[in-house]
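Written out below as structure tokens is the structure these notes cover.
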Amino acid sequence: MNAVTQESRTAMQATQYEQGDMPVVATSSASLILDSASMDSMMRLADIMAKGRATVPEHLRGNAADCAAVVMQAIQWRMNPFAVAQKTHLVNGTLGYEAQLVNAVIQSSGVTLDRFNYEWYGPWEKIIGKTKVITMPAKGDKKEYQFRVPDYGMQDEDGLGVRVSCTLKGETEPRVLELLLVQASVRNSPLWATDPKQQLAYLAVKRWTRLYAPDVILGVYTPDELEEVNREMRDITPTGEQVASAPAAPEASPGLIQEAKAAAARGVAAYQEFWSKAGAPNRKALAAYHDGWKADATAADRARTVDAEPAAGAAKPLSEHMQAILADFSALADEGLDIFNESWGRLSPATQDGLAAEYPKLKARAEAVKAAQ
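Using our numbering, the first residue of the sequence shown is number 5, and each one after it goes up by one.
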């Protein structure tokens with residue numbers, strides 16, 4: 005235990021400054037990596053962390069490299085690396101951080117003047133407490149377990165949302181962001197069924213930060229922002245009796261099909277907007293075509309944004325840091341041109357130069373979203 009404490013102190017020396025004097029991200033990854041003393045201390049602490057059992061989650065045990073990434077992130081946030089490690093999850097091969105941790109980082113970052121204010125609107129009573137218990141049978145070495153899922157229709161989520169606001173330091177007026185429940189497409193936490201208001205508020209704060217202070221959580225994602233695939237497979241082929249008793253799917257009208265095709269031709273953002281606004285009955289009627297139209301929308305974006313090959317050699321590959329920034333700005337481009345332009349203007353000139361080759365594609369993507377609105 006003393007060894008862990010000593011290593012923690014040594015690693016934390018890279019970020020010794022008064023609380024609130026500068027934002028959490030003031031100690032950059034580059035400065036930590038280039039400082040051989042700091043890097044040596046972090047790797048020793050990562051080795052100790054990888055040997056832990058009760059102090060680290062299973063996906064970090066014996067994995068010094070991933071532990072080093074957690075240690076570095078904890079130093080940038082000025083937090084206990086072991087506490088940060090306990091708030092991580094592995095989703096589809098990507099390390100994600102719990103929403104509770106990310107929100108705590110945002111609040112303590114020093115970039116805001118006050119705390120976030122939340123204003124929920126809409127008939128939340130339609131869904132609060134409306135859950136049912138599902139039992140998953142034992143399989144292999146996994147025991148039988150139960151969990152709660154929503155017990156209401158998709159149409160009951162219409163009109164439910166939250167409005168979050170907070171004031172940046174140096175400003176007098178709060179910046180506001182609104183988010184509807186139907187916009188939360190990835191819901192990997194069971195709390196979306198039991199406490200959807202809290203989960204939507206967490207997601208709204210993260211999107212607020214990615215828009216107005218992207219440097220605070222650059223490259224950091226929560227499980228609800230990472231699409232979870234390859235879940236436990238099970239046979240869902242309906243039996244003959246189920247097929248006979250199942251009601252026939254509603255037939256989509258030619259006009260609705262044409263509208264969906266037109267949205268897919270405008271790109272992913274336009275098609276996602278159409279799909280979210282279509283309503284549960286229309287989505288059910290169009291379900292058979294959905295995957296094909298998603299592929300068409302992706303192809304439309306690719307055809308519209310692909311640049312010509314450079315005449316003299318291939319472009320220099322982006323660093324991991326720049327790739328993380330590019331991923332964030334790809335998501336911002338999907339929010340529209342105004343949001344994209346404002347966030348781009350907050351980048352340093354050096355970062356803008358590093359992403360200069362990607363800028364035309366990102367801007368075209370944002371313009372396509374605005375045109376579809």
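We treat Cβ as the ideally placed atom computed from N, Cα and C, and that holds for glycine.
Around the beta carbon of Phe151, fewer than 16 other beta carbons sit within 10 angstroms, so the residue counts as exposed. Where Ile52 is concerned, the enclosing alpha helix (DSSP H) starts and stops at Ser40 to Ala54. The beta carbon of Leu183 is closer than 7 Å to those of Gly165, Val166, Leu204, Leu207, Ala208 and Arg211 in its chain, skipping five residues each way along the sequence.
Within the model, the alpha-carbon separation for Lys146 versus Thr139 is close to 13 Å. In this structure the stretch 188 to 200 touches the stretch 151 to 160; the number of beta carbon pairs closer than 8 Å is three or more. In the structure shown, Glu255 adopts coil according to DSSP, grouped into three states. Distances from the alpha-carbon of His325 to those of Lys134, Ile131 and Leu359 put Leu359 closest.
In terms of CA proximity to Val272, Asp295 leads the group Asp295, Leu290, Gln80 and Met158. The alpha-carbon of Gln262 is positioned some 18 Å away from that of Ala284. With a cutoff of 7 Å on beta-carbon distance, Ala331 and Leu290 are scored as not near each other. Counting the other Cβ atoms within 10 Å of the Cβ of Met158 gives fewer than 16, which makes it exposed. Note on geometry: alpha-carbon atoms of Ile343 and Lys374 lie some 10 Å from one another. As summarised for the stretch 173 to 230, the continuous alpha helix (DSSP H) elements at least 4 residues long and confined to that stretch are 195 to 198 and 200 to 216, given in chain order. Here Val60 has Met53, Ala54, Cys71, Phe86, Ala89 and Gln90 as same chain residues with Cβ atoms under 8 Å from its own Cβ, once five neighbours each way along the sequence are excluded. Counting only runs of 4 or more residues that sit fully inside the stretch 99 to 169, the alpha helix (DSSP H) segments are 103 to 111, in chain order.
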